[in-house]
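Numbering (this note's numbering), first residue to last: 10 to 149.
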């Protein structure tokens, strides 16, 4: 993706990634009953993991699209791998958090699928609507 966004937008995107990661870490450090108190609505655990990492995938993919000249394949791969690792570290962190089980492979799978889906959607929309001259994924 050959054109970089203005510097202020790149900084804003990376701040978004940092805030997202901070929010995930804070939520991961809370007891389940505390999370239910701050959650705006009740959600199935795996859907919550998918949704949270879907948002992270969008944030990181946008930051990479706006800050690098990388191809869409590289943006998707880096986003998916980085958030897959972040999700695994989060699950390990929960092992040491009171009243949390952690190391749940299904939570980690939902994290990874959410991140990948967010990255795919972001790159598709970015290439399709903001840079139509770029070769987009699944475009004939």
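Beta carbons: idealized from backbone N, C-alpha and C, even for Gly.
Rounded C-alpha distance that separates residue i from residue j
i           : j           : result
residue 25  : residue 37  : 18 Å
residue 148 : residue 80  : Annotation note: pLDDT 48 at residue 148 (below 50); position unreliable, coordinate value reported separately. Distance between the alpha carbons of residue 148 and residue 80 is about 15 Å.
residue 58  : residue 33  : 10 Å
residue 109 : residue 101 : 10 Å
residue 77  : residue 16  : 12 Å
residue 20  : residue 67  : 15 Å
residue 56  : residue 135 : 25 Å
Exposure label - residue i; buried when at least 16 CB within 10 Å
i           : result
residue 84  : buried
residue 120 : buried
residue 127 : buried
residue 132 : buried
residue 29  : buried
residue 54  : exposed
residue 129 : buried
Residue i - containing alpha helix (DSSP H), residue span
i           : result
residue 123 : 114-134
> Does the stretch 100-115 come close enough to the stretch 66-77 that 3 or more CB-CB pairs lie under 8 Å?
Replying inline: Pairwise C-beta distances place the stretch 66-77 out of contact with the stretch 100-115, as fewer than three of them are shorter than 8 Å.
>> With a threshold of 8 Å, are at least 3 pairs of Cβ atoms found where one atom belongs to the stretch 87-95 and the other to the stretch 112-132?
In response: yes
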